[in-house]
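Down below is the structure, laid out as structure tokens.
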Amino acid sequence: MHEPDWIQPRRIDSIDDCYFYHTMDIPNHGVVQGEWDLRGRETLYLGNVSVVGKRVLEIGTASGHLCFAMEKMGATVVAYDLSPDQDWDIVPYFGLDYEQHIQERKERIHKLNNGFWFAHGANGSRARVRYGTVYDIPGNMGPFDICTLGSILLHLRDPFLALQRVTANVRESVIVTDLLPVRRGKALDRFKKLIGFQQKPEAHSIYFLPNADRCAPNETWWSLSPGVIAEFLQILGFNRITVTYHQQSMQGQKYQMYTVVGRRGML
Ligand SMILES: C[S@@+](CC[C@H](N)C(=O)[O-])C[C@H]1O[C@@H](n2cnc3c(N)ncnc32)[C@H](O)[C@@H]1O
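If you count the sequence shown from 1, you need to add 1216 to reach the working numbering.
Shown next as structure tokens:
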């Protein structure tokens, strides 16, 4: 198999051309404010998996905070994300004109990619980068020991297909981190009783978030329970599952998150 077409590192001179998803401490620059501040809680976010000496595929790297953190821990990282040439999975509410939204999203992704390259240069990172959608992972990038999917499955129309495609070239472990679903109230409990639902509450729940009356949200599809992620991973051959819970901070507010780690191996 021939060497993949890695994206050539870009030199970004002005931070004004960047958007940061993560709050990051950038060498020789200082702290840039992003939406999520994972600083000091990266190990929790990664489910306490040791990445030392591992080849890691990071899906949806955004500004790259976890990519650079994993490199510092001793991993070799391939960072994968959208570029303006691909499309986000938008919820296609009938009658809505998305032309402007799609254009703005592409501009945001261009600045997000720039932010990654700005930090990549400043950190002296050796991480390789490819752009594409999660459904279309080039086979010649692998194999990988570990793959991470942080806060991305909720944004995908087909999270199972994404996991299936991404994990095809992963030898050891998959790390999935996502927002913990909030309880959806008594109506759901009554419905479960009515149909004789036997599973533990929340164990295998998937909530479909788009609402046709409100035409919102338009870039988030699912609230996925750790149980359903565990089931997906087991179906795909990652039999040994651990689930951990942690808090992370977004714009000063704390959010409950979970990390499911699936490892290949005998039950
Ligand atoms: C919410 S951010 C999470 C960033 C980071 N993984 C973390 O956990 O902090 C989601 C990332 O997934 C990327 N993404 C969204 N849809 C995608 C798709 N269909 N294929 C590849 N990447 C996608 C976005 O560009 C963004 O960088």
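All C-beta atoms in this analysis are idealised placements derived from N, C-alpha and C, irrespective of residue type, glycine included.
In this text the structure is predicted, and so the values were computed from the model without any measurement.
Where residue 1438 sits in the DSSP three-state scheme: strand
Tell me which residue opens and which closes the alpha helix (DSSP H) that residue 1381 is part of. 1375–1383
Have a look at 1328, 1305, 1422 and 1342 and flag the residue whose alpha-carbon is nearest the alpha-carbon of residue 1318. 1305
Let's see if you can read the secondary structure: which residues bound the beta strand (DSSP E) around residue 1372? Where residue 1372 is concerned, there is no enclosing beta strand (DSSP E), given that its DSSP letter is neither H nor E.
Limits of the alpha helix (DSSP H) - the one that residue 1312 falls within: Note, residue 1312: premise wrong, no alpha helix (DSSP H); not H, not E.
Would you check if there are 3 or more beta carbon pairs closer than 8 Å linking the segment 1372–1388 to the segment 1460–1467? no
Buried or exposed for residue 1282, please, with buried defined as at least 16 other CB atoms from any protein chain shown within 10 angstroms of its CB. buried
Suppose the cutoff is 8 Å on Cβ atoms and the five residues either side in sequence are ignored; what does the same chain contact list for residue 1267 look like? Only 1286, 1289, 1290, 1291 and 1362 meet the Cβ criterion.
Using CA coordinates, which residue listed in 1307, 1250 and 1271 is at the minimum distance from residue 1435? 1307
Would you kindly report the start and end of the unbroken beta strand (DSSP E) that includes residue 1473? 1469–1479
Report the start-end ranges of each beta strand (DSSP E) in the segment 1317–1371 that is 3 residues or longer and not cut off at the edges. Correct list: 1344–1347 and 1360–1366.
Identify the continuous beta strand (DSSP E) that holds residue 1285 and give its terminal residues. For residue 1285, no beta strand (DSSP E) run applies; the uninterrupted alpha helix (DSSP H) run containing it begins and ends at 1281–1289, by DSSP.
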